[in-house]
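Those protein sequences? They're chains F and Y, same order as listed.
According to my numbering, the residues represented by the first sequence are 1 to 113, in order.
According to my numbering, the residues represented by the second sequence are 114 to 227, in order.
No residue lacks a Cβ here, since even glycine has one placed at the ideal position from N, Cα and C.
As the structure is a computational prediction, the values presented were derived from the model and not from experiment.
Reading through the structure tokens given below for one structure.
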Amino acid sequence: AQRVTQPEKLLSVFKGAPVELKCNYSYSGSPELFWYVQYSRQRLQLLLRHISRESIKGFTADLNKGETSFHLKKPFAQEEDSAMYYCALSEGWGTGTASKLTFGTGTRLQVTL
Amino acid sequence: DAGVTQSPTHLIKTRGQQVTLRCSPKSGHDTVSWYQQALGQGPQFIFQYYEEEERQRGNFPDRFSGHQFPNYSSELNVNALLLGDSALYLCASIPSLELVEEAFFGQGTRLTVV
Chain F
1 AQRVTQPEKL
11 LSVFKGAPVE
21 LKCNYSYSGS
31 PELFWYVQYS
41 RQRLQLLLRH
51 ISRESIKGFT
61 ADLNKGETSF
71 HLKKPFAQEE
81 DSAMYYCALS
91 EGWGTGTASK
101 LTFGTGTRLQ
111 VTL
Chain Y
114 DAGVTQSPTH
124 LIKTRGQQVT
134 LRCSPKSGHD
144 TVSWYQQALG
154 QGPQFIFQYY
164 EEEERQRGNF
174 PDRFSGHQFP
184 NYSSELNVNA
194 LLLGDSALYL
204 CASIPSLELV
214 EEAFFGQGTR
224 LTVV
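Encoded structure:
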């Protein structure tokens, strides 16, 4: 069965410092990986997905199939980045289960002055 | 577009009771998934509805059941409530069952079982 692991429950960084939120997964096929974010008092929303290779709000994530990782990075943290971040996996197109998401337990990012 | 809407926002029930939660998907979306998010955990997939049928199911007991209506809205029913069912229940909609698309989430229903 697929699994997503986010080893840190809380990551506290200073404003302007680099950020790396870790995500590792286990899945035997070719997964689709996502990062979802939940800002205070807001609903869960998509931040980015590996297939689009976009940089959203300065965040990037590279899928490393060898290390089965999809770490989220940003070179300079901003206060507005403080939120709960969830890594999620989908089993990919054509599997019949493409739309089911498996989430990690989440990492709370706290950016302080 | 109001996005995904869920009702009620909060609910308190007693052990053994039954509860029904409701979800209206984003306009243009025909597939609805339900997730349970316990405190300190990530969302866990309960099941998914498309064309008024349950298409996928996660590792949840039969006490959890659902329904989808012709207008694509959906209900989640939980029977014989246990204290452990206390959680945030999230509804998510996507435009297509087979594609790996962005899932749009509702604000959730906070269920407390006492």
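Original post:
In angstroms, rounded to a whole number, what distance separates the CA positions of F:Val13 and Y:Val145?
Top reply: 37 angstroms
Original post:
Which partner residues of Y:Tyr148 appear in the DSSP bridge assignment?
Top reply: Y:Phe158 and Y:Leu203
Original post:
Listed in chain order, which residues of the stretch 194 to 224 of chain Y have Cβ atoms closer than 9 angstroms to some Cβ of chain F?
Top reply: Leu203, Ala205, Ile207, Ser209, Leu210, Glu211, Leu212, Val213, Glu214, Glu215, Ala216, Phe217, Phe218, Gly219, Gln220 and Gly221
Original post:
Below 8 angstroms, can you find three or more Cβ-Cβ pairs linking the stretch 79 to 94 of chain F to the stretch 25 to 45 of chain F?
Top reply: yes
Original post:
At least one CB of chain Y closer than 7 angstroms to the CB of F:Lys15: is that the case?
Top reply: no
**OP:** Sort Y:Leu195, Y:Ser199, Y:Lys139 and Y:Glu214 by Cα distance to Y:Gly129 and report the nearest one.
**Re:** Y:Leu195
Original post:
Alpha carbon to alpha carbon, how far is Y:Arg176 from Y:Asn190?
Top reply: 8 angstroms
Original post:
Based on the DSSP output, what are the partners of F:Asn64 in its beta bridges?
Top reply: F:Ser69
Original post:
Do F:Leu47 and F:Glu54 come within 7 angstroms of each other at the CB atom, strictly closer than that value?
Top reply: no
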